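Report on one structure; see the data block that follows.
Residue numbers (the numbering used here), protein chains in the order written: chain P, 1 to 114; chain L, 1001 to 1111.
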């Protein structure tokens, strides 16, 4: 149980384009979804917290207009990296929570912006 | 803001040797969680500790939560190559079930 999927698993795009990443909880309803970014050899940094039907809460330093988060249902959240630049290249990981403190992580999406 | 530090940053051991990573939080934690991330993979939940001084074991892994609930440790006995990866501790902070991840300890095991 508690399986979270992400799509795509990796993406290469040109600078200036937008990329959408989907995060789905497959066998449970996630009251909250979290989006993290992880650069090589570094820890996970929380970007934003997403609750179904409401606006995402962004961490300090994360641009809301650049990283658009939509949480349309209790099983789906999307992260759109708008006008991507090479410095946005990273490993993006979502996690889903059920209201308790344990989070279940998706397999991640590797983004490379050329 | 809350900071969670881990030491060491890297550990290189021979197979069969023991390994320990230490986690220290700048604030008192209601619980501490441990995750393992294999190279190229995503974090996988290992365990959650809640009580002060709590010790839990999973086969060769021993997890401990400090008395003051600000530190924790993970000890692996007789490491195996399957133990390779980065171990993160994480504690709740900032409300809304958010987690603050530690800096991580990367473990490499040589035959």
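Virtual Cβ for every residue (Gly too), placed ideally from N, Cα, C. Quick caveat: nothing in here was measured; it's all calculated off a predicted structure.
Bridge-paired residues (DSSP) for residue 1110/L: As a position in the second chain, residue 1110/L is number 110, starting the count at 1. DSSP lists 1014/L as partners of residue 1110/L.
CA-to-CA distance, residue 1111/L to residue 59/P, given in whole angstroms: On the first chain, residue 59/P is found 59 positions in, with the first residue counted as 1. On the second chain, residue 1111/L is found 111 positions in, with the first residue counted as 1. One C-alpha to the other measures close to 42 Å.
Closest residue to residue 9/P among 1042/L, 1050/L and 1047/L (Cα-Cα distance): Residue numbering aside, residue 9/P sits at position 9 when the first chain is read from its first letter. Nearest option by C-alpha distance: 1042/L.
Rounded separation between residue 4/P and residue 1012/L - CA only: What you label residue 4/P is simply residue 4 of the first chain in a count that begins at 1. What you label residue 1012/L is simply residue 12 of the second chain in a count that begins at 1. Roughly 32 Å between the two C-alpha positions.
First and last residue of the uninterrupted beta strand (DSSP E) at residue 1071/L: In the second chain, residue 1071/L corresponds to position 71, counting from 1. Residue 1071/L -> beta strand (DSSP E) spans 1071 to 1076.
Beta-carbon neighbours of residue 102/P, restricted to chain L and to distances below 8 Å: In the first chain, residue 102/P corresponds to position 102, counting from 1. Chain-ordered, the chain L residues with CB closer than 8 Å to the CB of residue 102/P read 1033, 1045 and 1048.
Three-state secondary structure assigned by DSSP to residue 1021/L: As a first step, residue 1021/L must be located in the second chain, where it is residue number 21. Per DSSP, reduced to three states, the secondary structure at residue 1021/L is strand.
For residue 1092/L, the three-state DSSP class (helix, strand or coil): Mapped onto the second chain, residue 1092/L falls at position 92. Here residue 1092/L carries a strand assignment [DSSP, helix/strand/coil].
Residue 80/P vs residue 30/P beta-carbon contact at 8 Å: Working through the first chain from its first residue, we reach residue 80/P at position 80. Working through the first chain from its first residue, we reach residue 30/P at position 30. No, these two residues do not count as a Cβ contact at 8 Å.
Beta-carbon proximity of residue 1087/L to residue 1099/L, cut-off 8 Å: Working through the second chain from its first residue, we reach residue 1087/L at position 87. Working through the second chain from its first residue, we reach residue 1099/L at position 99. No.
CB contact below 8 Å: residue 74/P versus chain L: The residue given as residue 74/P occupies position 74 in the first chain. It does not: the Cβ of residue 74/P has no partner Cβ on chain L nearer than 8 Å.
Proximity to residue 93/P [Cα-Cα], best of 64/P, 43/P, 17/P and 28/P: Position 93 of the first chain, counted from the start, is the residue given in the question as residue 93/P. Taking only the C-alpha atoms, the option nearest residue 93/P is 43/P.
Beta-carbon spacing of residue 1082/L, residue 1018/L below 8 Å: Your numbering for residue 1082/L matches position 82 in the second chain. Your numbering for residue 1018/L matches position 18 in the second chain. Result no, Cβ atoms of residue 1082/L and residue 1018/L do not sit closer than 8 Å.
Inter-residue spacing [alpha-carbon to alpha-carbon] between residue 1071/L and residue 1053/L: As a first step, residue 1071/L must be located in the second chain, where it is residue number 71. As a first step, residue 1053/L must be located in the second chain, where it is residue number 53. Taking the straight line from one Cα to the other gives about 10 Å.
Beta-carbon proximity check, residue 38/P vs residue 91/P, cutoff 8 Å: If you number the first chain from 1, residue 38/P lands on position 38. If you number the first chain from 1, residue 91/P lands on position 91. For the pair residue 38/P and residue 91/P, the CB atoms are nearer than the 8 Å cut-off.
Residues of its chain near residue 1084/L, where Cβ-Cβ distance is below 8 Å and the 5 sequence neighbours each way are ignored: Position 84 of the second chain, counted from the first residue, corresponds to residue 1084/L. Within the same chain, residue 1084/L has close Cβ partners 1038, 1039, 1107, 1108 and 1109.
CB-CB length for residue 112/P against residue 12/P, believed under 8 Å: Taking the first chain and counting its residues from 1, one reaches residue 112/P at position 112. Taking the first chain and counting its residues from 1, one reaches residue 12/P at position 12. Confirmed, about 5 Å.
Inter-residue Cα distance where the pair is residue 1020/L and residue 1032/L: Taking the second chain and counting its residues from 1, the one referred to as residue 1020/L is at position 20. Taking the second chain and counting its residues from 1, the one referred to as residue 1032/L is at position 32. Rounded to whole angstroms, residue 1020/L to residue 1032/L spans 16 Å at the Cα level.
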